[in-house]
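*Asks:*
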Amino acid sequence: MSARDDGSSDVKRADVHLTEIPRTAGGLRAVWSSLRHISRDSGIMRGSKALLSINQPDGFDCPGCAWPEPAAEGRSRFEFCENGAKAVAEEADTRRATPAVFEHLSLDQLRAMSDFELGQLGRLTHPMVLDPVGPGPRHFRAIEW
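Take 7 as the starting number for the sequence shown in our numbering and just add one per residue.
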């Protein structure tokens with residue numbers, strides 16, 4: 007199939023049928039999945055409030071992607087995808103990764119963890135620095151603000 011410079015196709019295909027773009031995507035499964043993530047990470051009330059602020063004129067841009075949102079007057083209150091819900095749930099997490107967490111986890115142990123596992127440790131409560139090379143496993147330690 008060839009394409010013109012403007013990106014449109016000059017070939018008609020019988021097996022392609024264009025329909026009107028649906029107003030919404032996802033459905034009940036997507037809602038259930040989003041609620042599962044926020045209830046696990048941030049709690050239903052806190053998480054729901056955050057979800058309803060994603061990509062809203064008085065809210066914040068979704069941390070999950072850079073997809074543009076429609077004009078404010080035509081925007082849904084649910085202007086986010088499942089990945090956006092996951093990102094916000096993790097950002098609004100009530101768990102805290104205190105310096106005590108890092109006393110027990112070496113750099114090698116942290117490196118072996120997945121992104122999900124690292125996120126489940128919670129939000130950092132202190133600025134951390136990696137101790138210089140020394141005997142034994144290397145650990146992060148808290149420093150002053």
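The beta-carbon is built from N, C-alpha and C at its ideal position, and this holds for glycine as well. In this text, all values refer to a predicted model and were calculated from it rather than measured experimentally.
#1: Since I believe His145 is in contact with Glu109 (beta carbons under 8 Å), could you give me their beta-carbon distance rounded to a whole number of angstroms?
#2: Looking at the structure shown, is Phe122 part of a helix, part of a strand, or coil, going by DSSP?
#3: In whole angstroms, what separates the C-alpha of Pro138 from that of Arg101?
#4: Helix, strand or coil for Phe108 per DSSP?
#5: Nearest by alpha-carbon distance to Arg129: which of Glu150, Asp114, Thr104 and Met119 is it?
#6: Compute the Euclidean distance between the alpha carbons of Met7 and Ile44, then round it to the nearest angstrom.
#7: Span of the alpha helix (DSSP H) holding Arg46?
#8: Please list, in chain order, all residues of the same chain as Arg81 whose beta carbon is under 8 Å from its beta carbon, the five residues on each side excluded.
#9: Below 8 Å between beta carbons: does that hold for Ala98 and Asp47?
#10: Rank Ala148, Leu41 and Ala20 by C-alpha distance to the C-alpha of Gly90 and give the top, closest one.
#11: Rounded C-beta distance between Glu88 and Ser39? I'm assuming under 8 Å.
#12: Among all the DSSP beta bridges, which residues are the ones paired with Met134?
#13: Rounded to whole angstroms, what's the CA-CA distance from Val107 to Glu96? Just pull it up for me.
#14: Would Pro143 and Ser112 be called neighbours here (beta carbons separated by less than 8 Å)?
#15: Under 7 Å Cβ to Cβ from Leu58, same chain only, skipping five residues before and after it: list those, please.
*Replies:* Looking at the coordinates:
#1: Against the sequence shown, residue 109 aligns to sequence position 103. Against the sequence shown, residue 145 aligns to sequence position 139. Approximately 7 Å separates the beta-carbon atoms of Glu109 and His145; this is inside 8 Å, confirming the contact.
#2: Along the sequence shown, one-based indexing puts residue 122 at 116. Under the three-state reduction of DSSP output, Phe122 falls in the helix class.
#3: Counting from one through the sequence shown, the residue named residue 138 turns up at place 132. Counting from one through the sequence shown, the residue named residue 101 turns up at place 95. If I take the Cα positions, the gap works out to 28 Å.
#4: Residue 108 sits at position 102 when you count from the first residue of the sequence shown. Helix.
#5: Your numbering for residue 129 matches position 123 in the sequence shown. Here the closest residue by C-alpha is Thr104.
#6: If you number the sequence shown from 1, residue 7 lands on position 1. If you number the sequence shown from 1, residue 44 lands on position 38. Residue confidence for Met7 is low, a pLDDT of 47 falling below 50, so the modelled location carries little weight; the figure read from the coordinates is stated next. Rounded to the nearest angstrom, the gap between the Cα atoms of Met7 and Ile44 is 44 Å.
#7: For the purposes of this step, residue 46 is taken as residue 40 along the sequence shown, with counting starting at 1. DSSP places Arg46 inside the alpha helix (DSSP H), whose first and last residues are Leu34 to Asp47.
#8: Indexing the sequence shown from 1 puts residue 81 at position 75. Taken in chain order, the residues that qualify are Asn61, Gln62, Pro63 and Glu75.
#9: Position 92 of the sequence shown, counted from the first residue, corresponds to residue 98. Position 41 of the sequence shown, counted from the first residue, corresponds to residue 47. Inclusion of Ala98 and Asp47 in the CB contact set at 8 Å is warranted, their separation being smaller than that value.
#10: Mapped onto the sequence shown, residue 90 falls at position 84. Comparing Cα-Cα distances from Gly90 to each of Ala148, Leu41 and Ala20, the minimum goes to Leu41.
#11: Residue 88 sits at position 82 when you count from the first residue of the sequence shown. Residue 39 sits at position 33 when you count from the first residue of the sequence shown. With a Cβ gap of about 5 Å, Glu88 and Ser39 count as contacting.
#12: As a working note, residue 134 is residue 128 in the sequence shown. In the DSSP output, where bridge partners are listed per residue, Met134 has Ala148.
#13: Here the question's residue 107 lines up with position 101 in the sequence shown. Here the question's residue 96 lines up with position 90 in the sequence shown. If you draw a straight line from the Cα of Val107 to the Cα of Glu96, it is about 18 Å long.
#14: For the purposes of this step, residue 143 is identified with residue 137 of the sequence shown, where counting begins at 1. For the purposes of this step, residue 112 is identified with residue 106 of the sequence shown, where counting begins at 1. A contact, by the Cβ cut-off of 8 Å.
#15: By one-based count along the sequence shown, residue 58 stands at place 52. Close CB contacts of Leu58 within its chain, under the 7 Å cut and outside five residues either way in sequence, are with Arg83 (chain order).
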